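A.B. asks: FYI, numbering that gives the first Met the number 0 numbers position 155 of the sequence shown as 154, with every residue one higher than the one before it. C-beta atoms are modelled at their ideal positions from N, C-alpha and C, and glycine is treated no differently. Quick caveat, the model's predicted, so the values are computed rather than measured.
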Amino acid sequence: MKRDYEKELRERVDYIRKLLESSGAKGIVFGNSGGKDSALVGILCQKATDKVLAVCMPCQSKRNFGEDLDDAVALAEQFGIENVVVDLSDTKAALTQAVEKVAEISQQASTNIAPRLRMTTLYAIAQSRGYLVAGTGNKSEYYMGYFTKWGDGAYDFNPIADLSVTEIYEFLTYLKAPENIIKKAPSAGLFEGQTDEADMGVSYAQVDAVMQKGSCGNDKADAIIAGYHARSHHKRQPVNRYGE
C-alpha cells in the first residue's frame, strides 16, 4: 500500500526537530551527492531547521564534477539549503600513494576510500559546528549491504532508513524535487559509468519485491539478492566486542 506522504513528511520533520532538541545539536550536515537519497534527506532536514549544511564531495570521478554536482546544486537552490563543495580528489590520491608504499590496494578497497573520506569530512564539519551528521542510505541498499562500512554507513541519524527505493522516488515526486534527480539511474558516482543496478546485477524494483513478498518472480534475481543479503550480514550487526 502506498504511503501517505503528507503524513510521512509531517512525522519525519517532527522526528528531526525532536532529535535536535534532545541532542542539543545546533544543526545538521549531510553529504549532497546529487542523488535521490541525499535529496530526500536534505529536503526533510531543511523543513525541520534552517541550520542545514549540504556538502558536495567530488572525488576524482568526472561525473562527480558534472551531472552529480549540477543536480546537487539544483536541489540546494530549489529548497534554500546552504551548500558547499569540498574536493577530495587530492586527498584520496595522497592517501592511496601513502598506503601503496606498504601494501597493494585492491580495486574494491580503492573504491571504498571515497565514502570513508566523505564520512571523515562530514564529521570534521559536524564536530566543529556542533551539528549532527544525517545518513542518506535507504532500506533497499541496507538489505543488500550496498553501502560502505564506516563510510556512508556511518552517521548520527537517518530519517529515510525505513524507505525502499520505490518509496524514495514516490516521496521525491510528492515533494517536487528536481526532475533530473528523480529520473536518472541510481549511482554512487564512484567511477565512470557506475550504476547501482549494474553493479548488483538486479534492479531495485526486484530488491523491493523480495523485501515485500519474499520473491521478485525471477529465480536468478532472487538468488543474487539472497547472496548479497547473506554476505553483508556483518554490515548490519553491532561491532563484535570481546567479552560482550
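In terms of alpha-carbon separation, which member of Phe146, Ile112, Val72, Arg11 lies closest to Leu43?
C.D. replies: Selected option, being the one with the closest Cα: Arg11.
A.B. asks: How many Å lie between Gly213 and Ser139 at the Cα?
C.D. replies: 13 Å
A.B. asks: State the Cα-Cα distance for the pair Tyr145 and Gly79, rounded to the nearest angstrom.
C.D. replies: 30 Å
A.B. asks: Could you pull out every unbroken alpha helix (DSSP H) segment of at least 4 residues lying fully inside the segment 209-233, listed in chain order?
C.D. replies: Secondary structure in the segment 209-233: the alpha helix (DSSP H) runs of 4 residues or longer, each lying completely within the stretch, are 218-230 in chain order.
A.B. asks: Assign Glu140 to one of three DSSP states: helix, strand, or coil.
C.D. replies: Of the three classes helix, strand and coil, the one that applies to Glu140 here is helix, per DSSP.
A.B. asks: Between Leu52, Met199, Val201, which has its C-alpha nearest Tyr30's C-alpha?
C.D. replies: Looking at the sequence shown, residue 30 is not Tyr but Gly. Closest by alpha carbon: Leu52.
A.B. asks: Looking only at C-alpha atoms, which of Arg117, Asn82, Phe64, Ala133 sits nearest to Tyr14?
C.D. replies: Ala133
A.B. asks: What is the rounded straight-line gap between the Cα of Lys182 and the Cα of Ile159?
C.D. replies: Their Cα atoms are separated by approximately 19 Å.
A.B. asks: Which runs of the alpha helix (DSSP H), 4 residues or longer, sit entirely within the segment 104-139?
C.D. replies: Within the segment 104-139, the complete alpha helix (DSSP H) runs of at least 4 residues are 106-128.
A.B. asks: Just the Cα atoms here: how many angstroms apart are Leu94 and Arg117?
C.D. replies: 13 Å
A.B. asks: Measure the Cβ-Cβ separation of Leu74 and Ala125 and say whether it is below 9 Å.
C.D. replies: In this structure, Leu74 keeps its C-beta atom at 9 Å or more from the C-beta atom of Ala125.
A.B. asks: Helix, strand or coil: which one does DSSP assign to Ile159?
C.D. replies: In this structure, Ile159 counts as coil in the three-state DSSP scheme.
A.B. asks: Scan the segment 5-91 and note each continuous beta strand (DSSP E) run of 3 residues or more that stays entirely inside, going in chain order.
C.D. replies: 26-30, 51-55, 81-84
A.B. asks: For Glu76 and Gly26, I'd like the C-alpha separation in whole angstroms.
C.D. replies: 19 Å
A.B. asks: Look at the alpha carbon of Gly136 and the alpha carbon of Glu20, and state the distance between them as a whole number of angstroms.
C.D. replies: Approximately 23 Å between the Cα atoms of the pair.
A.B. asks: Nearest-angstrom Cα distance between Asp3 and Thr90?
C.D. replies: 43 Å
A.B. asks: Taking C-beta to C-beta, are Gly33 and Asp70 nearer than 9 Å?
C.D. replies: yes
A.B. asks: When you compare each of Val54, Asp207, Cys58, Met0 to Tyr141 by their alpha carbons, which one comes out closest?
C.D. replies: Ranking the options by Cα distance to Tyr141, first place goes to Asp207.
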